[in-house]
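Asker: Protein chains in written order, with my numbering: chain A, 566 to 886; chain B, 8 to 593.
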């Protein structure tokens, strides 16, 4: 836990020159005893003190929260928001640079002015270069106000994690193993499909749309039709990551992610079979998020893991490295 | 329809603040009057030019600027090396040129920061060169404009860095940033800085180490030293540093811009063959200065001089104005505490204080400025008390031509007339020059008969030896001559005003006559319209225009056989306080 009083102080380029000149003038004044040089020295020292007080005033009472994007994909820019709030009642804060410190992500935003008791948000663009977990550790609020001589910064603990999905690439033209038929298929049970499952007598009060008029005419009574339940296309993306390393693994993961996305976009139910992990079939954005997250966190190796177990009821899309 | 805001954009305000800061830094230097008319006029022209056409010239003709700056550096370096110009003044002039160059080349953050640092250097040079109250104005203005410049420069480049060139353009060109409220707030901040400066100035221990004193001139000067060597090489250079700040009560009649007053430091009466040294003997404490013998006239004219000596130039010596010193008080005005320093004197009557610590020293000297009738020194004969024998000593190696010249000028005359004749001949027959003779076997003979030109110490030394060869007690005295009135109401005496002159003893109850006709100090040129060698001519003719009765002053000493200096010279030394004008240039 970083204490609230902790500060870091560093020289700017101007500050180095300024301080060097102040020391030089101090030596000259001390050496010569020149009153006016002492006066100039006093001005320079006073400016340093004023700078220190005002920079502290700018930093004090400022709180920052990080706002992470819901989805981040490798190679694509993401905006990370930094919302700052000035907790001081009267004094504004000037020239605030809010930046990441530690962790895997570097980025900063700049606020010229943060009025008293108000909030403001800045964002920085973050283009992740790799998939996987990105950790955030601290947010540092820094200011060079008022003169740009020194940079005083205040670190604040703000741990967070962002899972970056694999890079988006075109899906490879894979041929599925013929474990199941392509497309939607009927199931042997009553449902809401189009195919006829069976005919029966129409029950009073039943929806008139269920009447099978041709059979009713032939039988002289109202005959109703039951339709078959139809099932969506079901696909299982299979990736055995055990023998893969480095770029080969990354390519395979990206291809797998592309297949998952393509199949989900096509309305299929997609499952994901990895060595040591299996995501049951599902559809929709939640399934996409779950599959891509699983792929994002997929690590190399895992020789002790068992082979992927494809979904027996779905078409298998095997991804090779 | 909302009215468009008026005023400066952030960019304009930042650039103008930088320009103002440089201008006030330059002003702090220029008020010293040391930079010369050409360099003084150059800066405002350069500022105006940069405002009109600076952007068009940015990045162009770099080779021309480089040649110009390197050439200027070489010229100034040679002048400093040759002793023709003070190194601080040279640094200030070069900083001005760098500042002008930067004013014409302002684009990056580095350019802006360099401009501000150069302005600060000019301010520091001004602190070393200036003694005017205008410096205070420039200092205050610099503090305000410098605060604007630092803050706006930081703001400008922080915005550019934080938002990028495209994102920052709108804000930098907005007139809603550098509003009067912001500038007023920054000015208030500057006054906090000034208040802090005053606080630090008052509380910071203003110690003086003095270990790195620069050789501001290649040759020894009159002034403070206890030794003078006439065989040095080089050239006597002016030194504009202020060493004394003096307030006189009553103020001089007419409050002249340039004060014609001597500030006596010490006596150098022992001839070493190539110069002078102070007489042997220790210091004795002085509880009360001897009072001037009554002269049977009315109320004496009393002059009070409030003297502040800059720390580097104190050296334990008490400077006294012309006249018979009646008292020296080290107490600060309004301070009931007893003075921490004590007064001492040596055998020659020079006054000192102890302890000699660092920092500035302030004391007040009260002196009786009445001058005796010049006619009274005539006809007093040449029967001198034994204690002036040392001041009659003629070196055995004295060139016979010197003795012959002295006899030709003064033999058979009353000592007062002989002294006047010798002084008149020196002032008219010989020429003043700042070039030092170098290592010659007999500097006096070389001065009188070979070069027939020399600096102040040669004039005074020759006169002392010539008078002694006539049997007239004389001795060499050093100190400072002059003082320029400042806007703050005090007179600033500079190191270049260092001076050497002659005191002649007359047996009229210890009357001493001092010379005035010899060329004054090197800094006299500062007071005239011309500088350098010509300045000595200006001062020379000024001295020559005076009548003898006004160019010498008479100082009676206390009665012979007094109690002073009993340890080394029972009958006392020379006139107790013989601050006497005269003419010798340091």
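Backbone N, C-alpha and C define an ideal beta-carbon position, used for all residues, glycine too.
Because the structure is a prediction, the values reported are computed rather than measured.
When burial is assigned at 16 or more other CB atoms within 10 Å of the CB, is residue 69 (chain B) buried or exposed?
Answerer: Burial call: exposed.
Asker: Are residue 485 (chain B) and residue 275 (chain B) close, meaning C-beta to C-beta below 8 Å?
Answerer: Yes, the pair counts as a contact, with Cβ atoms nearer than the cut-off.
Asker: Name the chain A residues that come within less than 7 Å of residue 127 (chain B), Cβ to Cβ?
Answerer: Near residue 127 (chain B) (Cβ distances below 7 Å), the residues of chain A are 586.
Asker: If we ignore side chains and look at the alpha-carbon of each, how far apart do residue 5 (chain B) and residue 504 (chain B) end up?
Answerer: What the structure shows of chain B is the stretch from 8 to 593, and residue 5 (chain B) is not part of that stretch, so it cannot be assessed.
Asker: Counting only Cβ pairs nearer than 8 Å, list the residues of chain A close to residue 399 (chain B).
Answerer: Going along chain A, no residue has its Cβ under 8 Å from residue 399 (chain B), so there is no contact; the nearest lies around 40 Å.
Asker: List the residues of chain B that residue 599 (chain A) touches, going by C-beta distances under 7 Å, in chain order.
Answerer: Here the neighbours are 134, 135, 317.
Asker: Look up residue 487 (chain B) in the DSSP assignment and give the residues it is bridged to.
Answerer: DSSP lists B:270, B:505 as partners of residue 487 (chain B).
Asker: Note down, in chain order, every chain B residue with its Cβ under 8 Å from the Cβ of residue 607 (chain A).
Answerer: Those within 8 Å of residue 607 (chain A) in chain B are 203, 204, 205, 206, 207, 208, 211.
Asker: Are residue 849 (chain A) and residue 794 (chain A) closer than 8 Å when you measure CB to CB?
Answerer: Not in contact: residue 849 (chain A) and residue 794 (chain A) (Cβ atoms no closer than 8 Å).
Asker: Does DSSP classify residue 25 (chain B) as helix, strand or coil?
Answerer: Residue 25 (chain B) falls in the helix class under three-state DSSP.
Asker: Considering only residues of the stretch 583–640 of chain A, which uninterrupted alpha helix (DSSP H) runs meet the minimum length of 4 residues and lie entirely inside it, listed in chain order?
Answerer: Fully enclosed alpha helix (DSSP H) runs of 4 or longer: 600–624.
Asker: What does the alpha-carbon distance come out to for the pair residue 670 (chain A) and residue 706 (chain A)?
Answerer: Computed Cα separation, rounded: 16 Å.
Asker: Just to confirm, is the Cβ distance from residue 788 (chain A) to residue 772 (chain A) under 8 Å?
Answerer: Contact: no.
Asker: For a contact meaning CB atoms closer than 8 Å, what does residue 582 (chain A) contact in chain B?
Answerer: Under the 8 Å cutoff, chain B gives 120, 124.
Asker: Mind pulling the chain A residues with CB within less than 7 Å of residue 108 (chain B)?
Answerer: Within chain A, no residue comes near residue 108 (chain B); the closest Cβ sits about 17 Å away, beyond 7 Å.
Asker: What residues in its chain sit with their C-beta under 6 Å from that of residue 440 (chain B), if we drop five residues either side in the sequence?
Answerer: Within the same chain, residue 440 (chain B) has close Cβ partners 460.
Asker: Where does the unbroken alpha helix (DSSP H) through residue 410 (chain B) begin, and where does it stop?
Answerer: Looking at the DSSP string, the run of the alpha helix (DSSP H) that includes residue 410 (chain B) is 407–417.
Asker: For residue 894 (chain A), which beta-bridge partners are listed by DSSP?
Answerer: The structure shown does not extend to residue 894 (chain A), since chain A is modelled only from 566 to 886, so the question has no answer here.
Asker: Check whether the stretch 689–704 of chain A touches the stretch 717–725 of chain A, taking contact to mean three or more Cβ pairs, one atom from each stretch, closer than 8 Å.
Answerer: Taking 8 Å as the limit for Cβ pairs, the verdict is that the stretch 717–725 of chain A does touch the stretch 689–704 of chain A.
Asker: Give, in chain order, every residue of the stretch 156–172 of chain B whose Cβ lies closer than 8 Å to some Cβ of chain A.
Answerer: Listed by position, the residues of the stretch 156–172 of chain B near chain A (Cβ gap below 8 Å) are 157, 158, 160, 161, 162, 164, 165, 166, 168, 169, 170.
Asker: Hey, how far is the Cα of residue 222 (chain B) from the Cα of residue 315 (chain B)?
Answerer: Here the model assigns residue 222 (chain B) a pLDDT of 41, short of 50, so the residue's position is not dependable, and the following value carries that caveat. Going from the Cα of residue 222 (chain B) to the Cα of residue 315 (chain B) covers about 23 Å.
Asker: State yes or no: is the C-beta of residue 162 (chain B) nearer than 7 Å to some heavy atom of the ligand NAP?
Answerer: The ligand NAP is not part of the structure shown, which contains no ligands of any sort.
Asker: When DSSP labels each residue in this structure, what does residue 281 (chain B) get in the three-state scheme?
Answerer: Here residue 281 (chain B) sits in coil by DSSP.
Asker: Measure the alpha-carbon distance for residue 657 (chain A) versus residue 677 (chain A) and round it to whole angstroms.
Answerer: Distance between the alpha carbons of residue 657 (chain A) and residue 677 (chain A) is about 10 Å.
Asker: Taking only beta carbons into account, state which residues of the stretch 609–621 of chain A come closer than 7 Å to chain B, listed in chain order.
Answerer: Per Cβ criterion, the list reads 610, 611, 612, 614, 615.
Asker: Give the straight-line distance between the Cα atoms of residue 513 (chain B) and residue 422 (chain B), rounded to the nearest whole angstrom.
Answerer: Approximately 8 Å, taken between the alpha carbons.
Asker: For residue 287 (chain B), does the count of other Cβ atoms within 10 angstroms reach 16, so buried, or fall short, so exposed?
Answerer: Exposed, by the Cβ-count rule.
Asker: Any beta carbon of chain B sitting closer than 8 Å to that of residue 711 (chain A)?
Answerer: Yes, residue 711 (chain A) counts as interfacial toward chain B.
Asker: Just by C-beta distance, which residues in the stretch 380–414 of chain B are closer than 8 Å to chain A?
Answerer: The residues in question: there are none.
Asker: Here's the rule I'm using: 16 or more other beta-carbon atoms within 10 Å means buried, otherwise exposed. How should residue 479 (chain B) be labelled?
Answerer: Under this definition residue 479 (chain B) is a buried residue.
Asker: Is it the case that the Cβ atoms of residue 252 (chain B) and residue 324 (chain B) are separated by a distance below 8 Å?
Answerer: No, Cβ-Cβ distance for residue 252 (chain B) and residue 324 (chain B) is not below 8 Å.
Asker: Find the nearest neighbour of residue 798 (chain A) within the set A:659, A:769, A:881, A:571, judged by alpha-carbon distance.
Answerer: Selected option, being the one with the closest Cα: A:881.
Asker: Nearest-angstrom Cα distance between residue 414 (chain B) and residue 429 (chain B)?
Answerer: Looking at the two C-alpha atoms, the distance is approximately 10 Å.
Asker: Taking the straight line between their C-alpha atoms, what separation do you get for residue 879 (chain A) and residue 719 (chain A)?
Answerer: For residue 879 (chain A) and residue 719 (chain A), the distance between alpha carbons rounds to 55 Å.
Asker: Going along chain B in order, which residues have a C-beta closer than 7 Å to the C-beta of residue 662 (chain A)?
Answerer: Here the neighbours are 169.
Asker: What are the boundary residues of the beta strand (DSSP E) that residue 725 (chain A) is part of?
Answerer: Residues 715–730.
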